[in-house]
Every structure is written in C-alpha cells, then in structure tokens.
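Protein chains in written order, with the working numbering: chain P, 4 to 328; chain V, 3 to 339. A virtual CB, placed ideally from N, CA and C, is assigned to each residue, including glycine. Values in this document were obtained by computation on a predicted structure and should not be read as measured data.
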C-alpha cells in the first residue's frame, strides 16, 4: 500500500462515495420531475473509482472527466450547491448555468471539466501534465474516460504522446460495460482496455471498480510513479453503472435483473461498509452518521439550486472572449 | 537603411522574442525541432519549412517535436494553456484540421463560455494556408472561414513580414485562443521589419493603398494580388483602395464600411472556396450596413467551388489572379442601373 490507510482516510472515502451516490440518486429523482433540463448521465455504481483515485490528489493536480462527470467533480472537491445549481441551469451554478451537467468544471480546483465529447479529455490532460513537467512541479494529471472513449483516436494518441514525452499522466479507463447501449465486450477488440498499455509502453493494471481499496492501491502506485518522474500509467477499472446511459434510457440492451443483481452484489458502499465494520476499523454508527449528514447536504444543494434564479438575457453574450475588439 | 527580413524570419523572430520575454511560452508541433531521436542533427528541420529553425538551440526543452498525432498535441497545447503555459503549437497545414478540429472548436473555443467565464486559454495555433505550391487538394486550402465561424476563436491572416511579426507577438500575448494562418507562398516575401519587439492589435485593418474609385478588401496573399491589379489599373486612371483586414475574427467592420462609404463600390478577394467564405461574409456585412452607399453590387473574387487541383495548368486557374481582380473592378465601375 503506497499510502497508509488510517481511520480518517476511511471516513473521507466513505463520505465521498456516499456523497456521489446520494447526489446521483437525487438527480435521478429530480430529473424525473422535469425540472432539470437537457442530458444527464449518472455515475451511481462507479463511486469507488473516482474516490479511490481522487483521494490521492492535491488541489493542484488536474482531472479531466467525461460526460458522466458528476462523480469526478465531487471527488475533486466541487461544492455541491454550485454543482447542483449548474445542473439546474441556474445563474448560481459553478459555470453560471452556461455549461450544465456535461460541462461542469472548476479550474481553480484542477477540475478541467466534464466533457461532452467522448475521449475529449485525453489530449487536454496531456497538456496539463506537460504544464506540470515544464514548470518542474510534481503535479499529476488524471484522465478519466470510459470504455467508449477507449476506442477514440484522441485517447490512443494521448497514450502514445504521454509515453513519448514521459508525462505525469494517469489514464483511468472506467469500463462500465456499455458505450451508450453497445457492450464493451463487443466493442473493445482487446477485451481488456488495460491490454493496450503495452502497445504504448506504459504500465497497466486492471482493478475491481467496486472495491475502493483495490482502486485506491492501484491509483496510489501510478500517481506516485508519475509524481516522481516515472511517466504515465493506464488503469482499467472494471465497474458498473446503476442507471442508463442518460436519464430516460430504458436500458433494454441490459439483461433481465442485471441492475438489480448489481445493486445486490456489487455495491461499493455496501462492500466497503462490510469490510470496515468486520475489521473493526469503523462502526455502523459512524457510517450511519455520514449517511445522514450527506443526505442533508444534498437536500440543501437541491433546495439551493431550485430557489436560485436563472441567468439573465444579458448573460447570453458574455464570457466568449477575454477581450474582443 | 532599415533591415529587411522574410515573412518566415519575421515569424521565427516573433516567437524567439516572446520565448525570451516569457518563460511560459513553449513551441510544439511535428518536426518543430526536427530531428528528435535520430542519429543526425537534433534540430535538423526546425519545422517542415524551417520556420522554427534555431529555436531549439536557444530554448532547449521548451521547443518540442511531437508524434504525428494532431488531436493529441494540439489538444495538449490547449490543455497546457488552460494550466498556465502559453503554447505556440503548429498544425502544419490547415488542411489537417480534419484530424484535430474537435480540440480546437469544441474544447479551446468553448472553455471560457461553458465554464462561465473562468477559463483562460492563451494558445496560438500556427498553421499554413494557401494554394500555389502544387501541393494539391489536401495541402492547399484557405480554411480560415471555418475557424472564423466559431465563437471563442480569434483568426489572424497576415499578409506582410511586418504584420506577421507584430500580429504574432500580439497573438502570443493574447489571452484567448488564436489561430494564426500563414500563407505558404508568402514565406519568402521580404520587407522592412523592426528588430525590436512590437505588437499590432487584433481587429485593426490596414489600409494598404488609398484610392477613390473602388474598395478592394483582400486577405493574406490576395493583398499582393490586389496590389498588382491596382498598379495596372492606376495606369488606366482607376484608383482603388485596398483594405487588408489582417484578422477575420475580430473583423474591423468600421474600416471596411468607411472605405465603402467613400468609394461606393466593393470587390472582395478571398482565395478560399466561394461558399460561406470571408468574401460572402464581408459582402453581406456591406449589404446590410452600407446598402445606401453602394453604387453597384458587391463583386467577389474567390477560387471556384472545387478542391484545389494539382496540375499547374489547373491550379493557376483556381487561384484568383490580378487579371480577375481587374475585371471585377471594371465590372463594378461599369455597372449601370
């Protein structure tokens, strides 16, 4: 284990995963009311991935996310209020209501944005890692992408570029089994995305994405390697999503009871709770308290978002350029 | 006598001076060092046509070769810009935008708006444009109109060594993403260029030649085609005014409209394909904002609606010529209702 797992870290990990789950389950409910506009892609089921990676990060480290980006944003420390308000398209949103769910970003936190373009974050994260290298810092840059993104040229090019330039970049492939509705068993020619690491001369690992500890350990090793000048890595996180590609997806491409079984047997929160209580690292009471606190936090975020005003007409034309003659 | 240098040298000098002034300026692109990893000279090429030659010797690791992966390295330049560097990245030929445009128009151009005004992306994408190199359909286009269409990008189309240097320095210092289009047939053109650093604001047209009869708006190399036409027309007693917008985004509408108010006649010369190009854009601008000033319809001189051909016999027909510009000028002068 590259970083010691102590009680404080376990509490943080559980809180982060619970925060993501609660946020996403709530967005699912609120979306159904029709109040949230546009496309929303939920991260529920994958919490251990964002959490296991981002708990190693500092504010100065960079993360590029995907269209399924809420979990990465929360794990990188984004405030729930302004994030929820953004998803509602409100002026008080982190992007002033101009980005929405697919473009939530907070550069001050090193969160380079969810991204509406599959594979779009790969090159950007090479740039973030290049900036870290040129400035001679020990900052790292994380590119989250999915099994769909793994087939994009941008990701494959970025793996090569990161390796050629020996950039402090970590490519985290969250293989949740489906690119929209198309199974990764069908669409990823190598079967495992991690198998492609060898093609680009970088270390690669496969981890169980429902197991926080497995993700945390693999990410820690890769991040430490990158920080110390050892170059990029690829981590494939085998995981599942509980909801559809987007809200409203009937998911008829999934097997009968597939999601039900996943929720029963592959819930990172349940697995985490089972392990830490069995080993007497945390108590059920401590975890229940976090559940209650997070529930209030998300309730507060939703209330804030709902009561926030929408952008004004005058906001339409601003924020295109810094200066334009 | 003032010093004369080429368009290519002016660009090199602008980058070198900015790299000396600001250590966050980096250079990256295919062959920009030009010999990385081989057994010969490390900086053998300095860019495919030698524009960045010598920078590696001066600035070392801040000048980088990249694999032929435009999406990855143009995107990396954009990402690095969002993280505090000022990359000058080379997209060798603008025709290659097809393999990396997403990073430019969906990422760089939109960061600031999508992220609620918080992103700063000071990247410069240098790229070659233009026909006349016998380089055929995939290495000869003038695609600046496609970039001009996109909010969030600035587009610079210099026509002289003096402008190239001043506009490039301004572009590097600019905090928005800038696409800097270099017409490959201008690289050898020489003119007086001050040795010291200077800037030319983006969005200020240059009145290249003054005249009373017809306004010609011309872009990049077409400024020189227009000048040749103007000299021949002057011998016939026809005096044209030539406006070089120098940037297509922002576009200096005022200088164009003022000139048309004076002459009442407009010819736009744009080497690019004729549909939805800068000529149609400027024609629409003038039709909308200066209809009352016009004494004749606006005439556009552009390439035809075909890919750029290879054979010199065909390519020379493709490129707007001084003769075509002269004809257009006469057409607007002879127009009678």
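For residue j and residue i, believed in contact at Cβ under 8 Å, the rounded distance
i	j	result
residue 90 of chain V	residue 29 of chain V	5 Å
residue 168 of chain P	residue 133 of chain P	7 Å
residue 297 of chain V	residue 266 of chain V	4 Å
residue 314 of chain V	residue 136 of chain V	6 Å
residue 179 of chain V	residue 125 of chain V	5 Å
Euclidean distance between Cα positions of residue i and residue j
i	j	result
residue 219 of chain P	residue 177 of chain V	38 Å
residue 125 of chain P	residue 14 of chain P	31 Å
residue 316 of chain V	residue 70 of chain P	47 Å
residue 144 of chain V	residue 66 of chain V	26 Å
residue 172 of chain P	residue 112 of chain V	24 Å
residue 101 of chain P	residue 115 of chain V	7 Å
residue 98 of chain V	residue 72 of chain V	8 Å
residue 118 of chain P	residue 18 of chain P	25 Å
residue 149 of chain V	residue 304 of chain V	18 Å
residue 293 of chain V	residue 300 of chain V	10 Å
residue 20 of chain V	residue 34 of chain V	16 Å
residue 190 of chain V	residue 214 of chain V	32 Å
residue 179 of chain P	residue 36 of chain V	42 Å
residue 241 of chain P	residue 72 of chain P	17 Å
residue 175 of chain V	residue 199 of chain V	12 Å
residue 85 of chain V	residue 93 of chain V	20 Å
residue 141 of chain V	residue 309 of chain V	10 Å
residue 269 of chain P	residue 296 of chain P	24 Å
residue 122 of chain V	residue 325 of chain P	8 Å
residue 44 of chain P	residue 183 of chain V	39 Å
residue 166 of chain P	residue 119 of chain V	33 Å
residue 280 of chain P	residue 211 of chain P	20 Å
residue 70 of chain V	residue 165 of chain V	30 Å
residue 306 of chain P	residue 302 of chain V	57 Å
residue 172 of chain V	residue 158 of chain V	10 Å
residue 148 of chain P	residue 234 of chain P	19 Å
residue 17 of chain V	residue 29 of chain P	52 Å
residue 383 of chain V	residue 318 of chain V	Since the first residue shown for chain V is 3 and the last is 339, residue 383 of chain V is missing from the structure and cannot be characterised.
residue 308 of chain P	residue 33 of chain P	11 Å
residue 203 of chain V	residue 161 of chain P	35 Å
Exposure label - residue i; buried when at least 16 CB within 10 Å
i	result
residue 23 of chain V	exposed
residue 7 of chain P	exposed
residue 5 of chain V	exposed
residue 99 of chain P	buried
residue 4 of chain P	Interpretation of residue 4 of chain P is limited by its pLDDT of 46, a score under 50 that renders its predicted location unreliable; the figure taken from the coordinates is listed afterwards. It is exposed - the Cβ of residue 4 of chain P has fewer than 16 other Cβ atoms within 10 Å.
residue 263 of chain P	exposed
residue 283 of chain P	exposed
residue 319 of chain P	exposed
residue 36 of chain P	exposed
residue 156 of chain V	buried
residue 2 of chain P	Any property of residue 2 of chain P remains undetermined from this structure, which presents chain P solely from 4 to 328.
residue 47 of chain V	buried
residue 199 of chain P	buried
residue 311 of chain P	buried
residue 278 of chain V	exposed
residue 306 of chain V	exposed
residue 54 of chain V	buried
residue 196 of chain V	exposed
According to DSSP, residues forming a beta bridge with residue i
i	result
residue 268 of chain V	V:217
residue 237 of chain P	P:174, P:207
residue 193 of chain V	V:7
residue 157 of chain V	V:181, V:251
residue 245 of chain V	V:209, V:219
residue 302 of chain V	V:270
residue 149 of chain P	P:177
residue 274 of chain P	The partner list for residue 274 of chain P (beta bridge, DSSP) is empty, contrary to what the question assumes.
residue 95 of chain V	V:130
Contacting residues, own chain, Cβ-Cβ under 8 Å from residue i (five flanking each side not counted)
i	result
residue 63 of chain P	113, 140, 142
residue 289 of chain P	14
Sequence-distant residues of the same chain with beta carbon closer than 7 Å to residue i, five excluded per side
i	result
residue 74 of chain P	23, 46, 49, 50, 53
residue 228 of chain V	218, 220, 244, 271, 327
residue 204 of chain P	166
residue 31 of chain P	45, 246, 250
Same chain only: Cβ atoms within 6 Å of residue i, ignoring 5 sequence neighbours per side
i	result
residue 2 of chain V	With chain V covering only 3 through 339, there is no way to say anything about residue 2 of chain V.
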